[in-house]
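Residue numbers (the numbering used here): 15 to 226.
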């Protein structure tokens, strides 16, 4: 029996169900090893950002690895992009939902973010600036003082933080871990999978190791 999954990526011939299962299991194991390894690297490398001259290099290495690993794995896999969570079909529909969710969440998030940092920095909200707070991102990209305009700050967070993290953890790691477990219906059309919890735990661990 042949797999009914359409051919993707660098896969040029159908793969039997048994072979597909064996290859996918191998990729699951490798994804988990890479997930643990990269999580530890990201978390522990943040502590090296205090060394002069290493700030930008460490941030670049972390972002680069999170971008490189998923693309390399999809390219070298006999399964093509099967089991990888980024697909170009239906992109217009996905972007529509992204836009809707952004509009719904961006304004309240920005409002709460500003009030939080106003409290942390001991300033009035009306005195808000877009200066990057000390630690974490400011150390990674080598910012020591001053502020950034909105476009610069948004671009840095998108390219250096959000895109690499989401591509690795949500696009590469989570689909492969979720394929290991069964989905559980939780009502209203939503499903739960233990792979989501494992991915979220690794994502949180990377931040925890680097900030505490």
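Each residue gets a CB set at the ideal place from its N, CA and C atoms; glycine is no exception.
Throw me the rounded Cβ distance for the residue i and residue j pair, which I believe falls under 8 Å.
i: residue 223; j: residue 57; result: 3 Å
i: residue 42; j: residue 194; result: 6 Å
Who are the Cβ neighbours of residue i in its own chain at under 8 Å, not counting the five residues just before and after it?
i: residue 154; result: For residue 154, the predicted model reports a pLDDT of 48, less than 50, meaning its position is unreliable; a value from the coordinates is still stated below. Counting only Cβ-Cβ distances below 8 Å, and skipping sequence neighbours, we find 60, 63, 69, 70, 72, 73, 76 and 174.
i: residue 205; result: 197, 198 and 199
i: residue 148; result: Any reading at residue 148 is ruled out, since the residue's pLDDT is 45, under 50, leaving its predicted position unreliable.
i: residue 118; result: none
Taking Cβ to Cβ, would you say residue i is nearer than 7 Å to residue j?
i: residue 45; j: residue 187; result: yes
i: residue 178; j: residue 54; result: no
i: residue 181; j: residue 122; result: no
i: residue 203; j: residue 192; result: no
By DSSP's criteria, residue i is part of a beta bridge. Which residues make up the other side?
i: residue 205; result: 199
Using a Cβ-Cβ distance cut-off of 7 Å, determine whether residue i contacts chain C.
i: residue 67; result: Going by chain labels, chain C is absent from the structure shown, which holds only one protein chain.
Within its chain, find whatever has a CB closer than 6 Å to the CB of residue i; leave out the 5 residues flanking it on each side and keep chain order.
i: residue 219; result: 53
Only counting the same chain, and skipping five residues up and downstream in sequence, which positions put a Cβ closer than 7 Å to that of residue i?
i: residue 190; result: 41, 42, 45 and 97
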